[in-house]
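Chemist: Here the protein sequences line up with chains A and B, keeping their order. The first sequence finishes on residue 281 if you use numbering that gives the first Met the number 0, and the numbering steps up by one all the way, no holes. The second sequence finishes on residue 329 if you use numbering that gives the first Met the number 0, and the numbering steps up by one all the way, no holes. Dropping a structure here in structure tokens format, bear with me for questions.
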Amino acid sequence: MNNTNREFKFFWVVALRSEANALIKKFNLKSFSNHCNFPIYINRKNGHALVISGVGSIKSAVATMYLNKTFNPGQVVAWINIGIAGHFQGPVGTLFQVIKVVNNDNGKSFFPGLRFPKLAKAAELYTVSSPENEFTLPVLYDMEAAGFCEIAPSLSCNELTFVLKIVSDTSEQSQSLITKKMIADLFNKNSDMIDNLLQAVVKIVDRERARLGDPIEMDGIMCSLHFTETNRLRFRKIYKKWWCLFPNKSLADRAKKASSAHDLMQSMELDIATEAQTWKLK
Amino acid sequence: MIETVFVESQIIDHPITKRVLSCLPKADLLNINRYQELFNKRQQNFRLQKEKPALILAKKHDNFVLPAPSGFGMDSQKNFYFSHMYNCIYDCRYCFLQGMYSSANYLLFVNFEDFFRSISETIQNNAGSSLTFFSGYDCDSLAFEKITSFAQHTLSFFKEHPEVEFELRTKSVNIETLLNLEPISNCVVAFSLSPESVADVLDKKAPRVNKRIRAIKKLAKSGWLVGLRLDPLIFCENWRGLYSELIEEIMADLEITNLHSVSFGPLRYPKKMYNTIAALYPEEKLFAFPMQTNGQLVSYGPEIENEMATYIQDELKKYLGADRIFQCLI
Chain A
0 MNNTNREFKF FWVVALRSEA NALIKKFNLK SFSNHCNFPI YINRKNGHAL
50 VISGVGSIKS AVATMYLNKT FNPGQVVAWI NIGIAGHFQG PVGTLFQVIK
100 VVNNDNGKSF FPGLRFPKLA KAAELYTVSS PENEFTLPVL YDMEAAGFCE
150 IAPSLSCNEL TFVLKIVSDT SEQSQSLITK KMIADLFNKN SDMIDNLLQA
200 VVKIVDRERA RLGDPIEMDG IMCSLHFTET NRLRFRKIYK KWWCLFPNKS
250 LADRAKKASS AHDLMQSMEL DIATEAQTWK LK
Chain B
0 MIETVFVESQ IIDHPITKRV LSCLPKADLL NINRYQELFN KRQQNFRLQK
50 EKPALILAKK HDNFVLPAPS GFGMDSQKNF YFSHMYNCIY DCRYCFLQGM
100 YSSANYLLFV NFEDFFRSIS ETIQNNAGSS LTFFSGYDCD SLAFEKITSF
150 AQHTLSFFKE HPEVEFELRT KSVNIETLLN LEPISNCVVA FSLSPESVAD
200 VLDKKAPRVN KRIRAIKKLA KSGWLVGLRL DPLIFCENWR GLYSELIEEI
250 MADLEITNLH SVSFGPLRYP KKMYNTIAAL YPEEKLFAFP MQTNGQLVSY
300 GPEIENEMAT YIQDELKKYL GADRIFQCLI
């Protein structure tokens, strides 16, 4: 048994309060805590949690770890870094799914997320340590994503780590023009696209949870009989096989009658061995 | 459908790169320095990645030709294999590639010329020995042919080296390239096969078995040497009947003189690989079977393995001599 919190499916890491406000409003998030300069907002009903990291790659990495530590969500959640970014071309307001992130300080690259080509355009992004005005490369520029990507995949997996950026400034349209209202407008403009992306992501999260999760009755059985640590692992293995073969049977009644964990596992192995005599592949 | 292509900057102008990219005009294209930046990294979810694999075009720098594991080949003195690609567009549930890399992305090495140079060196270094080179160990040799033209290049190369044998292993029915060429006497096109009802469950995304059989017969009729690879043998209810039917169906109307060899092999995994694959597919009945672990090897166990091997061998002997039947044991 573990203490993983499965209430949450989406973990947002954003740099700016004005970016966060758009999401707080959109997902009806409530303040959860405000320690360590990392304010956290959550909505347990719709499964969203958000942390405001502040500007910079290191802060983004630390905030990601902090949010994870606060809720211990387990490995099957989506981690999303969303925010505004500069782009060599624009147009301002375009939302990109970033599929390559380069840390401009050390050249290290990351390739986050399953790609959704029908939902958002793809882009490469450079994370820089000071604001970019030159836009010398045909890419996006931000100040956080590399730090986020350094940490988030190790908390979940690379395919459930997403970086989404909305173009806020270009070589033609200076970042000095960015205001809180403009950021709110940029997020509002892309609200439907964000919803579509989340719909696609949640399907994956739900499927992965179904695949990797333990059968519901397993925890109860492990509480009702004495299992050594070794037997717990063995039981989990046997149970998954048994469940795969007999998805419509319940083990709870048999567990009540079993004299020991060993007995129960032996009877399950016997079921599997009997099934093997006339093995059907489907 | 490939939606994203990553290309190593150093091979962006390579003719094979250009050919591949011209076949995928709608894909997002990104440059990378080395394929190791994203291939087989930790924290990748193979199963999710397998849903939408990206294509990585790269240059291979070493280890172009490797000795084949013992028990892999037929009766050559020395067997070698080479892999121009890692990972497969098919998704066969028993395939060891699922446990081999943490990435499901396709990695294509475009510098075919370096493979051929290395194969030439291997031939020179083993002059006097009978050699067989295998392709299709880490990928399917033909499945990507329309994009890569790998088989076309490779067959042209081996045509110039009649002193060695070359086996192109595949499940693809993409045989136009071969049918457009004159058969090459030292090249064998070997198809992996299972009974139809087994393949329907396990050979996901692969061509149906009846289509593979049609392709085999077409190739044999046009003069190509063909091989049958009943590997891995899958145990299930009525396996005898299923394998007998399969063999009968293949042998009917097959240009038997062009049947180079038939090999069969058991379902076996290194223990670590089996655990990795079984964890990827906990809902898959194939991995719920009470397999036996013997040392570091997971298999059906000697009883089932021997029974299946003996039966398959006897069935095959109805159609061809023992000199063309081989048991693989890796």
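Cβ coordinates follow ideal geometry from the N, Cα and C atoms, glycine included.
Can you tell me whether DSSP reads residue 259/B as helix, strand or coil?
Modeler: It is a strand residue.
Chemist: Considering only the alpha carbon of each residue, which of 309/B, 204/B, 296/B and 68/B lies closest to residue 242/B?
Modeler: Per the C-alpha coordinates, the member of 309/B, 204/B, 296/B and 68/B positioned closest to residue 242/B is 309/B.
Chemist: Would you mind giving the Cβ-Cβ distance between residue 283/A and residue 88/A, rounded to the nearest angstrom? I have them listed as a contact below 8 Å.
Modeler: Only positions 0 to 281 of chain A appear in the structure, and residue 283/A is not among them; the question remains open.
Chemist: Assuming residue 2/B and residue 51/B form a contact by the criterion Cβ under 8 Å, report the distance between their Cβ atoms to the nearest whole angstrom.
Modeler: 6 Å
Chemist: If the cut-off is 8 Å on Cβ atoms, which residues from the segment 260-285 of chain B count as contacting chain A, listed in chain order?
Modeler: 281, 282, 283, 284 and 285
Chemist: Starting from the beta carbon of residue 235/B, find every residue of chain A whose beta carbon is closer than 7 Å, and list them in chain order.
Modeler: 278, 279 and 280
Chemist: Strictly below 7 Å CB to CB, what residues from chain B border residue 123/A?
Modeler: At a C-beta separation below 7 Å, residue 123/A has these neighbours in chain B: 29.
Chemist: Give a yes or no on whether 8 Å exceeds the smallest Cβ distance from residue 222/A to chain B.
Modeler: no
Chemist: To be precise: take each residue of the segment 226-246 of chain A, compare its Cβ to all Cβ atoms of chain B, and keep it if any distance is under 7 Å. Which residues remain?
Modeler: Going along the segment 226-246 of chain A in chain order, one finds 239, 240, 243 and 244 with a Cβ nearer than 7 Å to chain B.
Chemist: Using beta-carbon positions only, say whether residue 86/B and residue 106/B come within less than 8 Å of one another.
Modeler: yes
Chemist: Going by Cα to Cα distance, which pick from 240/B, 41/B and 215/B is closest to residue 197/B?
Modeler: 240/B
Chemist: Which residues, in chain order, does the segment 43-60 of chain B contribute to contact with chain A at a C-beta distance below 8 Å?
Modeler: Interface annotation for the segment 43-60 of chain B against chain A: 43, 44, 46, 47, 48, 50, 51 and 53, criterion Cβ-Cβ distance under 8 Å.
Chemist: Give me the Cα-Cα distance between residue 9/A and residue 153/A, rounded to the nearest whole angstrom.
Modeler: 16 Å
Chemist: Could you list the residues in the segment 102-126 of chain A with a C-beta less than 7 Å from some C-beta on chain B, going in chain order?
Modeler: 108, 110, 113, 114, 116, 121 and 123
Chemist: Using a threshold of 8 Å, state whether the C-beta atoms of residue 288/B and residue 278/A are closer than that.
Modeler: yes
Chemist: Suppose the cutoff is 6 Å on Cβ atoms and the five residues either side in sequence are ignored; what does the same chain contact list for residue 102/A look like?
Modeler: 126 and 145
Chemist: State the Cα-Cα distance for the pair residue 301/B and residue 291/B, rounded to the nearest angstrom.
Modeler: 9 Å
Chemist: Classify residue 24/B: buried if its beta carbon has 16 or more other beta carbons within 10 angstroms, exposed otherwise.
Modeler: exposed
Chemist: Residues of chain A with CB under 9 Å from residue 147/B, in chain order?
Modeler: Simply none; closest approach about 22 Å.
Chemist: Could you check the C-alpha separation between residue 81/B and residue 228/A for me, to the nearest Å?
Modeler: 45 Å
Chemist: Do residue 170/A and residue 147/A come within 8 Å of each other at the CB atom, strictly closer than that value?
Modeler: no
Chemist: Would the beta-carbon of residue 113/A fall within 8 Å of that of residue 203/A?
Modeler: yes
Chemist: Looking at the structure shown, is residue 33/A part of a helix, part of a strand, or coil, going by DSSP?
Modeler: coil
Chemist: Per DSSP, which one or two residues make a beta bridge with residue 121/A?
Modeler: DSSP output for residue 121/A lists 96/A as bridge partner(s).
Chemist: If residue 200/A and residue 122/A are in contact, beta carbons under 8 Å, what's the gap, nearest whole angstrom?
Modeler: About 18 Å separates the two Cβ atoms, so there is no contact after all.
Chemist: Would you tell me roughly how many angstroms separate the C-alpha atoms of residue 304/B and residue 327/B, rounded to the nearest one?
Modeler: 12 Å
Chemist: Counting Cβ pairs, one atom from each stretch, are 3 or more of them under 8 Å apart for the segment 41-53 of chain A and the segment 207-218 of chain A?
Modeler: no
Chemist: Can you give me the C-alpha to C-alpha distance between residue 213/B and residue 140/A, rounded to a whole angstrom?
Modeler: 54 Å
Chemist: Could you give the distance in angstroms between the alpha-carbon of residue 232/A and the alpha-carbon of residue 61/B?
Modeler: 41 Å
Chemist: Could you tell me the alpha carbon to alpha carbon distance between residue 318/B and residue 219/B, rounded to whole angstroms?
Modeler: 16 Å
Chemist: What are the partner residues of residue 225/B, as DSSP defines its beta bridges?
Modeler: 188/B and 258/B
Chemist: From the DSSP output, in three-state form, read off residue 98/B for me.
Modeler: The answer is helix: DSSP assigns residue 98/B an H, G or I state.
Chemist: Tell me whether the beta-carbon of residue 182/B lies closer than 8 Å to the beta-carbon of residue 222/B.
Modeler: yes
Chemist: Expressed to the nearest angstrom, what Euclidean distance is found between the alpha-carbon atoms of residue 15/B and residue 224/B?
Modeler: 28 Å
Chemist: Using a C-beta cutoff of 8 Å, does residue 4/A count as contacting chain B?
Modeler: Residue 4/A does not count as touching chain B.
Chemist: By DSSP, does residue 0/B sit in helix, in strand, or in coil?
Modeler: coil
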